[in-house]
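In this note's numbering, the protein residues as written are 26 to 109.
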């Protein structure tokens, strides 16, 4: 997954599976429920199913991440919020 510099993906959750996110390049600010976590290349986070989350690319550079899910038929629910 690629997030362009200064951009973020929509706040979302996966009610039926966990997610594993690994930062390959760039830095991100990852919101996980009520927590904000700064992640650097090489960092990995486990996101429990049903937890609202999103990522924003920092420092004016794109962020590339590898993502895996605990279910092949993952469901995604998005919050109806705009992210700049």
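Virtual Cβ for every residue (Gly too), placed ideally from N, Cα, C.
Q. Would a C-beta distance cut-off of 8 Å place residue 36 and residue 79 closer than the cut-off?
A. yes
(Q) If you measure between the beta carbons of residue 28 and residue 82, is that distance less than 8 Å? (A) yes
Q) Whose C-beta lies closer than 7 Å to the C-beta of residue 30 among residues of the same chain, with five residues either side of it excluded? A) 82, 85, 86, 87
Q.
Let me check understanding here. Comparing Cα to Cα, which of 74, 40, 41, 46 lies closest to residue 63?
A. 46
Q.
Using C-beta distances below 8 Å, list every residue in its chain close to residue 38, excluding the 5 sequence neighbours before and after it, in chain order.
A. 74, 75, 76, 77, 78, 101, 102
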